[in-house]
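Here is the structure we will look at, set down as structure tokens.
There are 2 protein chains.
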Amino acid sequence: MTELICAVEAVDVRFPTSRELDGSDAMNPEPDYSAAYVTLRTSTGGAGHGLAFTVGRGNDVQVAAIKALAPLVVGLPVREVLADPGGFSRRLTDDSQLRWLGPHKGVVHMAAAAVVNAVWDLYAKREGKPVWRLLVELSPERLVDLVDFRYLQDALTRDEALGILRRAEPGRAERTRLLLERGYPAYTTTPGWLGYDDDKLVRLSKEAVADGFRQIKLKVGADPDEDLRRMRLAREAVGPDVRIAVDANQAWGVGQAIDRMRALAPFDPYWIEEPTSPDDVLGHAAIRRAIHPVKVATGEHVHNQVMFKQFLQAGALDVLQLDASRTAGVTENVAVLLLAAKFGVPVCPHAGGVGLCEMVQHLAMFDFVAVSGSTEGREIEYIDHLHEHFADPVRVRDGHYLAPTAPGLGAELLPDIVAAHRYPQGRVWSSQEPAA
Amino acid sequence: MTELICAVEAVDVRFPTSRELDGSDAMNPEPDYSAAYVTLRTSTGGAGHGLAFTVGRGNDVQVAAIKALAPLVVGLPVREVLADPGGFSRRLTDDSQLRWLGPHKGVVHMAAAAVVNAVWDLYAKREGKPVWRLLVELSPERLVDLVDFRYLQDALTRDEALGILRRAEPGRAERTRLLLERGYPAYTTTPGWLGYDDDKLVRLSKEAVADGFRQIKLKVGADPDEDLRRMRLAREAVGPDVRIAVDANQAWGVGQAIDRMRALAPFDPYWIEEPTSPDDVLGHAAIRRAIHPVKVATGEHVHNQVMFKQFLQAGALDVLQLDASRTAGVTENVAVLLLAAKFGVPVCPHAGGVGLCEMVQHLAMFDFVAVSGSTEGREIEYIDHLHEHFADPVRVRDGHYLAPTAPGLGAELLPDIVAAHRYPQGRVWSSQEPAA
Numbered sequence: 024m025t026e027l028i029c030a031v032e033a034v035d036v037r038f039p040t041s042r043e044l045d046g047s048d049a050m051n052p053e054p055d056y057s058a059a060y061v062t063l064r065t066s067t068g069g070a071g072h073g074l075a076f077t078v079g080r081g082n083d084v085q086v087a088a089i090k091a092l093a094p095l096v097v098g099l100p101v102r103e104v105l106a107d108p109g110g111f112s113r114r115l116t117d118d119s120q121l122r123w124l125g126p127h128k129g130v131v132h133m134a135a136a137a138v139v140n141a142v143w144d145l146y147a148k149r150e151g152k153p154v155w156r157l158l159v160e161l162s163p164e165r166l167v168d169l170v171d172f173r174y175l176q177d178a179l180t181r182d183e184a185l186g187i188l189r190r191a192e193p194g195r196a197e198r199t200r201l202l203l204e205r206g207y208p209a210y211t212t213t214p215g216w217l218g219y220d221d222d223k224l225v226r227l228s229k230e231a232v233a234d235g236f237r238q239i240k241l242k243v244g245a246d247p248d249e250d251l252r253r254m255r256l257a258r259e260a261v262g263p264d265v266r267i268a269v270d271a272n273q274a275w276g277v278g279q280a281i282d283r284m285r286a287l288a289p290f291d292p293y294w295i296e297e298p299t300s301p302d303d304v305l306g307h308a309a310i311r312r313a314i315h316p317v318k319v320a321t322g323e324h325v326h327n328q329v330m331f332k333q334f335l336q337a338g339a340l341d342v343l344q345l346d347a348s349r350t351a352g353v354t355e356n357v358a359v360l361l362l363a364a365k366f367g368v369p370v371c372p373h374a375g376g377v378g379l380c381e382m383v384q385h386l387a388m389f390d391f392v393a394v395s396g397s398t399e400g401r402e403i404e405y406i407d408h409l410h411e412h413f414a415d416p417v418r419v420r421d422g423h424y425l426a427p428t429a430p431g432l433g434a435e436l437l438p439d440i441v442a443a444h445r446y447p448q449g450r451v452w453s454s455q456e457p458a459a
Numbered sequence: 024m025t026e027l028i029c030a031v032e033a034v035d036v037r038f039p040t041s042r043e044l045d046g047s048d049a050m051n052p053e054p055d056y057s058a059a060y061v062t063l064r065t066s067t068g069g070a071g072h073g074l075a076f077t078v079g080r081g082n083d084v085q086v087a088a089i090k091a092l093a094p095l096v097v098g099l100p101v102r103e104v105l106a107d108p109g110g111f112s113r114r115l116t117d118d119s120q121l122r123w124l125g126p127h128k129g130v131v132h133m134a135a136a137a138v139v140n141a142v143w144d145l146y147a148k149r150e151g152k153p154v155w156r157l158l159v160e161l162s163p164e165r166l167v168d169l170v171d172f173r174y175l176q177d178a179l180t181r182d183e184a185l186g187i188l189r190r191a192e193p194g195r196a197e198r199t200r201l202l203l204e205r206g207y208p209a210y211t212t213t214p215g216w217l218g219y220d221d222d223k224l225v226r227l228s229k230e231a232v233a234d235g236f237r238q239i240k241l242k243v244g245a246d247p248d249e250d251l252r253r254m255r256l257a258r259e260a261v262g263p264d265v266r267i268a269v270d271a272n273q274a275w276g277v278g279q280a281i282d283r284m285r286a287l288a289p290f291d292p293y294w295i296e297e298p299t300s301p302d303d304v305l306g307h308a309a310i311r312r313a314i315h316p317v318k319v320a321t322g323e324h325v326h327n328q329v330m331f332k333q334f335l336q337a338g339a340l341d342v343l344q345l346d347a348s349r350t351a352g353v354t355e356n357v358a359v360l361l362l363a364a365k366f367g368v369p370v371c372p373h374a375g376g377v378g379l380c381e382m383v384q385h386l387a388m389f390d391f392v393a394v395s396g397s398t399e400g401r402e403i404e405y406i407d408h409l410h411e412h413f414a415d416p417v418r419v420r421d422g423h424y425l426a427p428t429a430p431g432l433g434a435e436l437l438p439d440i441v442a443a444h445r446y447p448q449g450r451v452w453s454s455q456e457p458a459a
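As you go down the protein sequences, you meet chains A and B in turn.
Quick note, our numbering runs 23 ahead of the 1-based positions in the first sequence.
Quick note, our numbering runs 23 ahead of the 1-based positions in the second sequence.
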């Protein structure tokens, strides 16, 4: 019997993070970190897990979008899907009727991401490898087959992509060894949420340094005097040698971003993240020119590879922050990593949320071993929330992510957690007791 | 008793257009033109109608997104909403949790459009005016209050927007008279669907000219030899003096678009519409430079004002094709019209679909009377499908849209039509008989 994909289940899972203001920033004052959680099942009992991260209201819409993709997936032979994950991704993102709802953006694209990532999880579990290692061990030709070059050719051709991967082949074994030995550098956003008071900000900043982090991140973008005061406190807490990135979460216009960053300059910010609308490629380029040498970082809301292509073409960012489920999952992120390598821009994935750390570490590690070949100027974001809910949580030691060794992508939630946080009927929501 | 908004109803309405290949193009081979149809009800029995247009699968997701907005709307006093439609729009587009699903793009943004347009319909009916006239009679200050300048200031300030509107004040009465007398120029896409055979293409092209249209549009982007052959047939059918626009519906990459348009050049195409990804501002700019004097047109999938701002800043288009429900409805479209006027780019709205002609005519007419002050290089798309299903269908005579005089925005469907086309339980779908 041919093994088929027999179900695509999507569950609305929400964590009541707004009760503690974890995750609070200029645009997200009270998020409830949530996941439209996908379980893809096969006719022989196999399963793969993926998710789309949201911040609360609307997670039900995200679930509805995943369910709308299910008819395109159920009934496909597993062997064919795993033999051509690029073709599978395009089947979801280029459906002639569903693509009208994007195209390649927003709810439908994040739905594709969740399903695509569930396929990668299944694939890696089948191969008995973590996804980073599965990707590292694919041939350059198979990796390039993942990429949809239709809209990329003016910036990256198939031959150029192959060239990037082939040039990285020689040192792969050595870099794999280094990765397993030392892990991958991380920075932490844990201290910097806008809803935390000064004492908590200072205490957590000092703890971050003590824990081995060389970079922290602070949320800015609400009251400008508050930004200055908090930046000063953080700088005093960590000293001159630890980098402080700031993150405005899209709060500013272009001119305003420039003014605000000039005001913060005395405290030596390392990068400004999401200074303005994530759609504003030209705006980011103008900000970058004006605030140099402070870096410009963005990506968590950059919705597809065509947008990343333009950010790179326009010289609009110094740091590319790919996201696990904003673009169409592992498959499209391979294209984004290749684009970044072509333009020589470091990738520092966006993480936090629900399961983002667990997923993006695979992409950064694959990048180090098989694409850019470097961790120079590269770090994965780390936030110490919600990891305990996952079957294979990230392990961060001395400011580094340890390379995962368990098979899969890492997005699998513990069944009890799913049951308790299911919205609105789960125990956490129906009883209004604090999250576990 | 204060009048409140008491319900936001959303219904999945689909028309089985794929049975006749109406609407078939390079990216949409078999669309079922659909609407997530909104009825906003007030506590005193008032109602406003809006819709988000989709092409079939996923219309249920669009409905779910509108329902997710309802809690932000139900219970608001009608008087407050109509006094500040700009604030109302921002309430929908900037909800701190829902905006994660965009931001300002895709399903959630189209949902906002449908609800915002229902409010404009209610407002205009309350005032006893068609929306175009309601807008024309608002003061420049009130119009500018509609605009969210947060991300626009580097291209258009409030003062500049006021200046544009004030400069257009002197001739408004005369232009209103002209509009009522002659209507607004239209072009027709009816002949050019990809699924039509040669005879139908030629016959409909000749009919279009006989009906007074000075421009037709042809779908291209599938087989290049077919494109050439159909373009030649159309040119022969309409003669040298009728403009032929071509529309690739995003089928090409940047270099490919340039090559294909050079091949079509001998047949004198007027504009190329959607040559590549609608997100690719820089790609459109490159195409435009390469194929001059053929014009570049886009907009039906340009998802918000930040994207339009960049298309204008980068000199990436000659013709801006705003859409009634892709950006956040009438409110955001006022901003788009002001941006276009600032940059001196003509607006030729996208129409067709379900109710798009009915809605966008108001925006073009408002533009003529009160913003750009001109119809030079400006036409509204016209497609002769599905109008009979509306309470106040468009009237097109001798290649012109006649100015609507009935109060409202025009998106109100006949109740019988809604019942029959409701998906999947309506008569048209449950019995699989052809559409009315």
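Glycine residues also receive a C-beta, built at the ideal position from the N, C-alpha and C atoms.
As the structure is a computational prediction, the values presented were derived from the model and not from experiment.
Cutoff 6 Å; reference residue i; Cβ partners in own chain excluding five residues on either side
i        : result
B:Trp143 : Val154, Val353, Leu432
B:Thr25  : Pro100
B:Tyr146 : Leu105
A:Val225 : Leu256, Ala260
B:Asp341 : Lys318, Val319
B:Leu425 : Gly206, Arg418
A:Glu323 : Gln344, Asp346, His373
A:Thr67  : Glu26
A:Ala288 : none
Endpoints, the beta strand (DSSP E) within which residue i is located
i        : result
A:Ser57  : 57 to 65
A:Ala33  : 28 to 37
A:Asp270 : 266 to 270
B:Gln238 : 238 to 242
B:Thr211 : 207 to 215
Residue from the options with nearest C-alpha to residue i
i        : options                                : result
B:Gln176 : A:Ala280, A:Tyr424, A:Gly206, A:Pro427 : A:Ala280
B:Val265 : B:Gly276, B:Trp275, B:Ile239           : B:Ile239
B:Gly125 : A:Gln384, A:Gln273, A:Phe111, A:Ser162 : A:Gln273
A:Leu185 : A:Leu202, A:Leu161, A:Ala49, A:Gly206  : A:Leu161
B:Val357 : B:Ile440, B:Asn140, B:Ala443, B:Trp452 : B:Asn140
A:Ser397 : A:Ala191, A:Ser228, A:Thr40, A:Ala313  : A:Ala191
B:Asp303 : B:Glu150, B:Val329, B:Trp294           : B:Val329
B:Gly73  : B:Gly81, B:Met50, B:Lys148             : B:Lys148
Cβ neighbour criterion (16 or more within 10 Å) applied to residue i
i        : result
B:Gly194 : exposed
B:Arg42  : exposed
A:Asp390 : buried
B:His315 : exposed
B:Gln448 : exposed
Cut-off 7 Å between Cβ atoms - residues of its own chain near residue i, not counting five sequence neighbours on either side
i        : result
A:Glu204 : none
A:Thr77  : Ser57, Ala59, Gln85
A:Lys332 : Leu175, Ala178, Leu362
A:Phe366 : Leu335
B:Pro301 : Gln273, Thr321, His324, Val325
Sub-9 Å separation of residue i and residue j beta-carbons
i        : j        : result
A:Ala30  : A:Val97  : yes
A:Glu381 : A:Ala339 : no
A:Ile406 : A:Gln384 : no
B:Arg198 : B:Pro163 : no
A:Gly306 : A:Val277 : yes
Boundaries of the alpha helix (DSSP H) in which residue i is found, first to last residue
i        : result
A:Gln333 : 328 to 336
A:Lys318 : A:Lys318 -> not in any alpha helix (DSSP H); beta strand (DSSP E) instead, spanning 318 to 321.
A:Gly194 : Looking at the DSSP string, A:Gly194 is not in any alpha helix (DSSP H), and its letter there is neither H nor E.
A:Trp143 : 129 to 150
Chain C within 9 Å of residue i, Cβ atoms only
i        : result
A:His127 : In the displayed structure, chain C is absent; the protein chains listed are A and B.
Close beta carbons around residue i, own chain, < 8 Å, minus the five adjacent residues each side
i        : result
B:Pro292 : Met254, Ile267, Ala268, Val269, Met284, Val317
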